[in-house]
Amino acid sequence: MKILVINGPNINMLGIREPAVYGSQDYNALLSFIRKTCEEEGIEVECFQSNHEGDIVDKIQAAFNVFDGIVINPAAYTHTSVAILDALKAVGLPTVEVHISDVSTREDFRQISYAGKACIKTYMGLGFEGYRQAILYLKGYLGEQK
Ligand code: DQA
């Protein structure tokens, strides 16, 4: 089982950006957490972060026939990007959406998730733990598909 974990804009600023919202751990700590989770679960993982919408679209397209599933935190592009939604629908890979913060209790403009419309499940407000839950859910889902 091989999964791709995509993080969108400003996730590389974790630890510095709004610690009251996103916590004090940095992006490297998130990478270690994801890699450790996948190692424990016997999952092969590649992590990708970009601040650029088109690069995220390119990465999703390149995942076709390479990865079994995707975990994505599209960050701000969650609420704006039809292009990321369309890319997820184009490749048709099972995808789980993650948000570190609980977007459901935040500003009105965060209440729409375009990417989420192509996702089998969403975790929000759990901090890094949301990524672990997403990976476990994807593993279970992919196991059932066999
Ligand atoms: C986020 C929530 C988004 O609204 C925000 O733009 C982010 C991070 C989260 O992980 O909580 O950059 O996706």
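When you read off a place in the sequence shown, starting at 1, and then add 1118, the result is the number in the working numbering.
Yeah, the Cβ is synthetic: ideal placement off N, Cα and C, and Gly gets one too.
In this text the structure is predicted, and so the values were computed from the model without any measurement.
Return the chain-ordered ranges of every beta strand (DSSP E) run that is complete within the segment 1152-1240 and spans a minimum of 3 residues. 1162-1167, 1187-1191 and 1213-1217
Report, in whole angstroms, the separation of the C-beta atoms of phenylalanine 1151 and leucine 1122, which I expect to be a contact under 8 Å. As a working note, residue 1151 is residue 33 in the sequence shown. As a working note, residue 1122 is residue 4 in the sequence shown. About 16 Å; that fails the 8 Å criterion.
With burial defined as no fewer than 16 other Cβ atoms inside 10 Å of the residue's Cβ, what is the status of histidine 1170: buried or exposed? Mapped onto the sequence shown, residue 1170 falls at position 52. It counts as exposed.
Buried or exposed: glycine 1248, going by 16 or more other Cβ atoms within 10 Å of its Cβ? Stepping through the sequence shown from its first residue, residue 1248 is reached at position 130. Label assigned to glycine 1248: buried.
What is the DSSP secondary structure of leucine 1063, counted as helix, strand or coil? Here the chain covers residues 1119 to 1264 and nothing more, so residue 1063 does not appear.
Could you check what DSSP says for leucine 1256 in three-state terms: helix, strand or coil? Counted from its first residue, the sequence shown places residue 1256 at position 138. Helix, per DSSP.
Is the beta carbon of alanine 1252 within less than 7 Å of some heavy atom of ligand 1? Translated into positions along the sequence shown, residue 1252 becomes position 134. Not under cutoff, so the answer is no.
Expressed to the nearest angstrom, what Euclidean distance is found between the alpha-carbon atoms of isoleucine 1129 and glycine 1172? Taking the sequence shown and counting its residues from 1, the one referred to as residue 1129 is at position 11. Taking the sequence shown and counting its residues from 1, the one referred to as residue 1172 is at position 54. C-alpha separation (whole angstroms): 16 Å.
Measuring from the CB of serine 1219, is there a heavy atom of ligand 1 at a distance below 7 Å? Here the question's residue 1219 lines up with position 101 in the sequence shown. Yes.
Is the segment 1135-1144 in contact with the segment 1176-1185, if contact means three or more CB pairs nearer than 8 Å? no
Between which two residues does the alpha helix (DSSP H) carrying proline 1137 extend? The count along the sequence shown starts at 1 and reaches residue 1137 at position 19. Segment 1137-1140, the alpha helix (DSSP H) holding proline 1137.
For asparagine 1146, the nearest candidate out of Ala1193, Ile1238 and Leu1132 (CA to CA): By 1-based counting over the sequence shown, the position of residue 1146 is 28. Closest option to asparagine 1146, Cα to Cα, is Leu1132.
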